[in-house]
Structure formats: structure tokens, C-alpha cells
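> This note's numbering applies: residue -8 is where the sequence shown begins, and numbers increase by one.
Note that beta-carbon positions come from the ideal geometry of N, C-alpha and C, so glycine has one too.
For clarity, every value in this text was computed on a predicted model and none was experimentally measured.
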Amino acid sequence: MSKIRILPDNLANKIAAGEVVERPASIVKELLENAIDAGATRIDVVIVSGGRRSIRVTDNGEGMNRDDAILSFERHATSKIRTVEDLEAILTLGFRGEALASIASVSRARLRTQTAADLTGTEVEISGGKMYAVRDAATAPGTQIEINSLFFNVPARRKFLKSEATESFHITNLVTHYALAHPNLSFTLTNNGRETLSVVPATDLRERAYQIFGDVFLGDLIEVERSSDGMSVRGFVSSPSAARSNRDNQYFFVNRRYVKDRVIARALSEGFRAMMPSGTFPSAMLFLDVPPTEVDVNVHPAKTEVRFMRSAIVYDLIRDGVRAAIAGARAAATKFVEPERVVREPDVVKAVAVSPPDTVPEALQQHIDLSFRRTPEVVPQVISEVPVPVIVPLHEPAIARLGCLSSRGFDAAGNQLRPAQNLTLNADEISILGQIHSSFIAAADRSGVLVIDQHVAHERILFELHWNALRRKSVDVQRHLIPETFDLTPGQEAAFERLLPELEENGFELSRLSGRTVAVNGAPAMLEAGASRSLLKELLDSIETERKGLSLDELRAEIAAGLACRAAVKINMPLSEEKMRWLIDELMKMENPATCPHGRPIILRITMRELERAFQRI
Ligand code: ADP
Ligand code: MG
């Protein structure tokens, strides 16, 4: 029995009119929606050349008989609504009956379909809107639609298609989002012969997100879940610290339909209010479920806009859901990288001085007025304003080799300081005194006073962990739900080609889009969300300008050092005693605790002997 009817004029006229085929991704969207509406449990998408050359969507849904296969390409031909009343409570993704007609009018299309009840299937060929062939075909229950040569008969539109990479990117994004919106279905996406997405049925959104992005990624997002008044919102938002300058990374779904919506967008912003600088926006993926009678989807031809009957309730639900999620995440937040796996391999770490070593920080010279919280016996009661004459970095030979002995490596009389006299560091013996100007950790051990630069200490720890992971080829990668993009300058473009393999080794997943645009699909997990773009640009600039002659190993080390620097705690950041303890303990486990990956000293020691000398006790 046929299912498709041509809508009567009075009903057809009530349907938002307009063009739906804007680019290859809009075709994929319509075909995916048709497959989902047909009750498919498995949907395979195959594209060639960003969909410009060919798009093929295969499903195992209910299929069509011969009459329907022919009718499906007519305008206003649909099985999804019959009457004006049906428009008021739409349960399917499609309802306009125009997509196949529009698509077939600007391409060469081939449909193969079969219902479970029929013994043979049907194949229909249609080109530029003209049907050329209808024949029996041996096929399986379900539907396969292949769209070739998009816009072959509309050269003006063909010219405006973006590069293959850009179109692939849009399609990948789209299929990924539909896969997230329908966790119970299987999806695959094959791009130029390579399978780029493959998911089997999952029990819920979280499991589906895990299938696609992995757990490292999920750990960084805040899960939203709230319901009231017969409506519910679920999904993920980024943490308030990962601000973006536009709304490009906000994806909203209403009843599993991908939409652009101001009510949802404003409610999301309100949920984040006062937590983000003005002019910045969170990333979000929110799935709203409302009774079909509560939402009008017949607003826009591409069905990407909706109107809510009770928008105030929708607004409150989303704002409150987002607020509660952020509050929950804050409570659970921890700032530090946990000291989980420290694998020590001798001779693995190689520090490369990639920038001129800094001198001993100014702050140290002037501010020996340490804000001690307790005063162990090794520390004098009164601390003088007089510059401490002797400051000897530990592990002298390593530092000397890296050229880190600053002018302050000489005492007041101009004598070169002697290496710390075989003094070793032992984490168990170090007691923390306090933090100096929220930037340096003051500590003491048997030998005297230690001052540790918190930023470079953390940098060293992250560098060694990352370097070890590099060697084991087990860098933790965090996939981006929504890729960040940035544009290369012509100079950076050349550096990009050279650096790409090394960046990939280091945990970046990058792809070139059209022109000079790069998408960051994943980044080393240690980097905070949103930090990749500026780091990459900085690396590309420095490679381009000054470091053309670097060897591959040096390049790799420079990338690793840049990463560690970005990810490490900064100066001017108050640290709890617990965190300072963790830093010191981890630092002591490192291969080279004395200098940062950029060659700067990490620990300065003022020995008892030097203190005594300074106070003229000896
Ligand atoms: P709409 O989805 O708005 O009804 P379309 O032009 O997208 O309009 O599709 C027309 C009709 O063709 C649908 O109503 C449906 O009956 C049938 N159809 C399209 N794609 C499929 C498919 N993959 N499986 C089964 N039937 C389909
Ligand atoms: Mg449709």
C-alpha cells in the first residue's frame, strides 16, 4: 500500500516555502532526517569530495514501494502529514514533502528502495528534476539515495561551493550531531573511502558522547539535565573559563531536530551570566524535549527555526538547568593535574633551552620579606631588607650547561659562586613555609631556605610527563566536541606543513579547511580548553621566524615545552598548602627538577652557611 500523498493546495500553502539545498551538508541533513523518520536503526553516509561529487545515504528503514518511490520526488509529496491539524503536532523530522524534489532538481539522483513486504525493490533515476528510469532492482529492505554532481545544471551555485575540506567539515559536524541526538541508532560516515565516524546503538547521550569523543573529553564538559512542566533539557556546556568570542559552538536540538533558536541561546547566556566576560559565549549542545503541540516547526523551509507556545517556561528551564549544572561542576572542580602516573625513565628527558634564560626573578632580590606562616628554626627571626648576597641554583652543572647562571651567580665581591656543595633534595625533608607574592613557594630543609618558582616547577613536571608519554606514544588527547578554527598567515602556512607531523605526535588533531583555515579537532589533554589556538599560532610564528634550522627532535621538544608552559599554573596565583606540597613532591620525582624546559632555574637555595655569612655570624 502506498503511503505518500500529494498535499492539497490549502495545506501546501501553509507550509513555509523556500530553498533547502544550500550546500552538500543540507542534502545530508534532509536524507538523514528521512532515514530517521523511516524508522531506520542503521544509517550509513558515504561522501566523495566533500559531497560535491557524491553523497550516498543508506538506511534499513521501512523503504518505499514502486509507486511511492516515484511519488517521493514530487513537490508536496509526503507520507508524514495529511491534514492541517497534523501540522500542529508534528512527530516526524520531515513534513514538507519538498526535500527530495528540491535535491533532485539540482543534481543527478538515484534511489533504490524496497519495503519488507515487497519481493523486489525499485530503482529510480532522476536528473535535473527529470525522471529517466524506473526499474526493478535487487536490493535489501530499506532505502539508498545517491546524489551525484550537485548543481551540475546551476553553474552559478556550483561556483559558490566551498572547498572540499570545508564541505566535509560541515557534513562531519552534521552527522556527528545527529548521531548525538539519536544515541539509539547506528551511524557511519565514510569520507573519500575512509570511515571517519562509526557508532553502534548506545543507551543514552552520555554513552554516545563517550563513543564519539572519549572520556578525556567528557571530563571537561559540564552535563546539563533538568525537567519540569512536561519538558526536559539535557546535554553539555563548556566550563565558564572556556569562553569563545561567538556563538558558533552552540548547538540546539528541539525534539531531536537541529535548530537555531534565540530563546534557547538567551537562556543559555543567562545561565552563565556573571561567570563569563561580556562578549564571550559558552560552547553548548542542548537537547530540548517538549510535547509536539508546544512547538511550531513550520517556521522556516529548512526547518531550522521553531516557535515555542510557552517560551517563558522553556527559557526558565534552560537557564535553571545550566545554572545548576555549573554550580554542581564548580563544587566538584579541582584545579591541578593529578599526580597519577609518573613513569620515570632515566635519560629520557631532554631539556632544550629555547629562549634566553631569565635571570633570577626581580621579586626575589627585593622581597625577601617572606610571608611565613610558621617559622622553623632554620629561618632567622628578623629578615633583613639587605639583598641576600648568595643565591646558588641547585644542580649547578646542569644549569651551567644551559647557561642559566645569571650575573647573580656571583657574590657581592664578584667571586663566582661555588656549586651547591653536593646538597641533595629530599621531598620528605622539605617543609613549606609559605607563598611569596602568590608566585614563589618558600620552603626550608636541613640545608637552609629553598625558593621555588611555582610556574616553572609545574612546567617541568608537565614537560617530563608529556615527554615520557611522547616516547611511549601515549599522549592523552582530548577531542573537541566542536572544533576550534583559526586562520594561518601565509608565513604560518609554510611552517604548518613542516610542523604538522610533530604537532600530531604531540597530541594535536588538526585538519586543513578551505584556504588557510585550520580546524583543531583535538588537543593534548593537559591543555585547557580554548588554549590550543593561541599556542599553535605562537609555535608556528616562532618556527617560521627564528627556528628554521631546528632538528626534528628539537622541534618536538619545543612543542612539548610550549605545551607545558601553557598548561602550568601561572605566577600571581595563590596556591593552597596542599597544592604546594604536591608540586614539590612531584618535582622531586622528576629527572631534572632544577631547570624548566626553557632552561630557567626552578629552585634557588640559600644555605645555612650563606645565611650565617650574610648575618655576619661567621
Ligand atoms: P518529507 O520528509 O518532508 O515528507 P521528502 O521530500 O524528504 O519529504 O520525502 C518525501 C517522502 O518520501 C517522505 O514523506 C517519505 O514517505 C518518503 N521517503 C523519503 N526518504 C525515505 C526513506 N529514506 N525511507 C522511506 N521513505 C522515504
Ligand atoms: Mg524529508
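1. Buried or exposed for Gly553, please, with buried defined as at least 16 other CB atoms from any protein chain shown within 10 angstroms of its CB.
2. Would you say Gln445 and Ile309 are within 8 angstroms of each other, going by their C-beta atoms?
3. What's the gap between the Cα of Glu420 and the Cα of Asp436?
4. Select from Ser154, Ile34, Gly88, Ser429 the residue whose C-alpha is nearest the C-alpha of Asn4.
5. Bridge partners of Asp436, per DSSP?
6. Helix, strand or coil for Lys121 per DSSP?
7. Can you give me the C-alpha to C-alpha distance between Glu568 and Leu578, rounded to a whole angstrom?
8. Please classify Lys464: is it buried, with 16 or more other beta-carbons within 10 angstroms of its beta-carbon, or exposed?
9. Suppose you measure from the CA of Ile550 to the CA of Leu491; what does that come to, to the nearest Å?
10. With H, G and I counted as helix, E and B as strand and the rest as coil, what does DSSP make of Leu554?
11. Classify Arg392 as helix, strand or coil using the three-state DSSP reduction.
12. Quick check: what's the CA-CA separation for Ile427 versus Ala323?
13. Measuring only the C-alpha atoms, how far is Leu424 from Arg572?
14. DSSP on Glu216, reduced to helix/strand/coil?
15. Given 7 angstroms as the limit, tell me if Gly30 has its C-beta closer than that to any heavy atom belonging to the ligand MG.
16. Taking the alpha carbon of Thr167 as the point to measure from, which residue in Gly521, Lys121, Phe244, Ala95 has its own alpha carbon closest?
17. Would the C-beta of Glu13 count as close to the ligand MG, meaning under 7 angstroms from any of its heavy atoms?
18. Could you tell me whether the region 101 to 112 touches the region 56 to 73, using the rule of 3 or more Cβ pairs below 8 angstroms?
19. Counting only C-beta atoms, is Glu116 closer than 8 angstroms to chain B at any point?
20. Which same chain residues, not among the five before or five after Leu62, have their C-beta less than 6 angstroms away from its C-beta?
21. For the region 67 to 86 and the region 154 to 170, state whether three or more C-beta atom pairs, one from each stretch, are separated by less than 8 angstroms.
22. Output the distance between the C-alpha atoms of Ile203 and Pro174, rounded to the nearest integer angstrom.
23. Cβ-heavy atom distance between Thr134 and the ligand ADP below 7 angstroms?
24. Less than 6 angstroms between C-beta atoms, sequence neighbours within five positions excluded: which residues of the same chain meet that for Phe151?
25. Who are Asp252's beta bridge partners in DSSP?
26. Does the Cβ-Cβ distance between Leu543 and Glu493 come in under 8 angstroms?
27. Kindly examine the ligand ADP and report whether one of its heavy atoms sits closer than 7 angstroms to the Cβ of Ala100.
28. Name the two residues that bound the continuous alpha helix (DSSP H) containing Glu137.
29. Drop a sphere of 10 angstroms on the beta-carbon of Thr194, count the other beta-carbons inside from all chains shown, and report buried for 16 or more, exposed for fewer.
30. Considering only DSSP beta bridges, list what Asp307 is partnered with.
31. Kindly examine the ligand ADP and report whether one of its heavy atoms sits closer than 7 angstroms to the Cβ of Gly52.
32. Excluding the 5 residues preceding and the 5 following Val115 in the sequence, name in chain order all residues of the same chain whose CB lies nearer than 6 angstroms to its CB.
33. Take Asn512 and list the residues in its own chain whose beta-carbon comes closer than 8 angstroms to its own, dropping the five residues that flank it on each side.
34. On the CB-based measure, 16 or more other CB atoms within 10 Å of its CB, does Arg332 come out buried or exposed?
35. Which partner residues does Glu601 have in the DSSP bridge list?
36. Can you name, in chain order, every residue of its own chain whose Cβ lies under 6 angstroms from the Cβ of Ile443, other than the five neighbours on each side?
By the coordinates alone:
1. Position 562 of the sequence shown, counted from the first residue, corresponds to residue 553. Buried, because 16 or more other Cβ atoms sit within 10 Å of the Cβ of Gly553.
2. Position 454 of the sequence shown, counted from the first residue, corresponds to residue 445. Position 318 of the sequence shown, counted from the first residue, corresponds to residue 309. No, they are not a contact pair.
3. The residue you call residue 420 lines up with position 429 of the sequence shown. The residue you call residue 436 lines up with position 445 of the sequence shown. Approximately 6 angstroms, taken between the alpha carbons.
4. Looking up residue 4 in the sequence shown gives position 13. That would be Gly88, whose Cα lies nearest to the Cα of Asn4.
5. For the purposes of this step, residue 436 is identified with residue 445 of the sequence shown, where counting begins at 1. Gly439, per the DSSP bridge assignment.
6. Residue 121 sits at position 130 when you count from the first residue of the sequence shown. DSSP places Lys121 in strand when its eight states are reduced to three.
7. Here residue 568 refers to the residue found at position 577 of the sequence shown. Here residue 578 refers to the residue found at position 587 of the sequence shown. Taking the straight line from one Cα to the other gives about 15 angstroms.
8. Translated into positions along the sequence shown, residue 464 becomes position 473. So Lys464 counts as exposed.
9. As a position in the sequence shown, residue 550 is number 559, starting the count at 1. As a position in the sequence shown, residue 491 is number 500, starting the count at 1. Computed Cα separation, rounded: 11 angstroms.
10. To locate residue 554, count along the sequence shown from 1; it is residue 563. Helix.
11. As a position in the sequence shown, residue 392 is number 401, starting the count at 1. In this predicted model, Arg392 has a pLDDT of only 23, less than 50, meaning its place in the structure is not dependable; the value taken from the coordinates is given anyway. It is helical.
12. Taking the sequence shown and counting its residues from 1, the one referred to as residue 427 is at position 436. Taking the sequence shown and counting its residues from 1, the one referred to as residue 323 is at position 332. When rounded, the distance between both Cα atoms is 28 angstroms.
13. As a first step, residue 424 is located in the sequence shown; it is residue number 433 there, counting from the start. As a first step, residue 572 is located in the sequence shown; it is residue number 581 there, counting from the start. Looking at the two C-alpha atoms, the distance is approximately 11 angstroms.
14. Position 225 of the sequence shown, counting from 1, holds the residue named residue 216. Here Glu216 sits in strand by DSSP.
15. In the sequence shown, the residue the question calls residue 30 occupies position 39. The answer is no for Gly30.
16. Mapped onto the sequence shown, residue 167 falls at position 176. Ranking Gly521, Lys121, Phe244, Ala95 by Cα distance to Thr167 puts Phe244 first.
17. Position 22 of the sequence shown, counting from 1, holds the residue named residue 13. No, Cβ of Glu13 sits at least 7 angstroms from all heavy atoms of the ligand MG.
18. yes
19. Given the protein chain composition of this structure (a single chain), no chain B is represented.
20. The residue you call residue 62 lines up with position 71 of the sequence shown. Correct list, in chain order: Ile(-5), Ala68.
21. no
22. Within the sequence shown, residue 203 is the residue found at index 212, counting from 1. Within the sequence shown, residue 174 is the residue found at index 183, counting from 1. In this structure, the CA atom of Ile203 is about 11 angstroms from the CA atom of Pro174.
23. Within the sequence shown, the letter at position 143 stands for residue 134. Yes, the ligand ADP has a heavy atom inside 7 angstroms of this Cβ.
24. Counting from 1 along the sequence shown, the entry for residue 151 is found at position 160. Excluding positions up to five away in sequence, the list is empty.
25. Start at 1 with the first residue of the sequence shown, and residue 252 comes out as number 261. Paired residue(s): none; Asp252 is not in a bridge.
26. By one-based count along the sequence shown, residue 543 stands at place 552. By one-based count along the sequence shown, residue 493 stands at place 502. Yes, the pair counts as a contact, with Cβ atoms nearer than the cut-off.
27. As a working mapping, residue 100 is identified with position 109 in the sequence shown. Result no, Cβ not under 7 angstroms from the ligand ADP.
28. Walking along the sequence shown from the start, residue 137 turns up at place 146. Per DSSP, Glu137 belongs to no alpha helix (DSSP H); it is in the beta strand (DSSP E), 133 to 139.
29. Within the sequence shown, the letter at position 203 stands for residue 194. By the neighbour-count rule (16 or more Cβ atoms within 10 Å), Thr194 is not buried but exposed.
30. In the sequence shown, the residue the question calls residue 307 occupies position 316. Beta-bridge pairing links Asp307 to no other residue.
31. As a working note, residue 52 is residue 61 in the sequence shown. For the ligand ADP, at least one heavy atom lies less than 7 angstroms from the Cβ of Gly52.
32. Indexing the sequence shown from 1 puts residue 115 at position 124. Closer than 6 angstroms at Cβ, skipping near neighbours: Ala60, Leu102, Val125.
33. Numbered from 1 along the sequence shown, position 521 holds the residue referred to as residue 512. Correct list, in chain order: Arg470, His471, Pro474, Glu500, Leu501, Ser502.
34. In the sequence shown, the residue the question calls residue 332 occupies position 341. Because the pLDDT of Arg332 is 35, which lies under 50, any placement of that residue in the model is unreliable, and the number read from its coordinates should be weighed accordingly. Under this definition Arg332 is an exposed residue.
35. Your numbering for residue 601 matches position 610 in the sequence shown. In the DSSP output, where bridge partners are listed per residue, Glu601 has none listed.
36. Position 452 of the sequence shown, counted from the first residue, corresponds to residue 443. Closer than 6 angstroms at the Cβ level, and outside the excluded window around Ile443, lie Ile432, Ile594.
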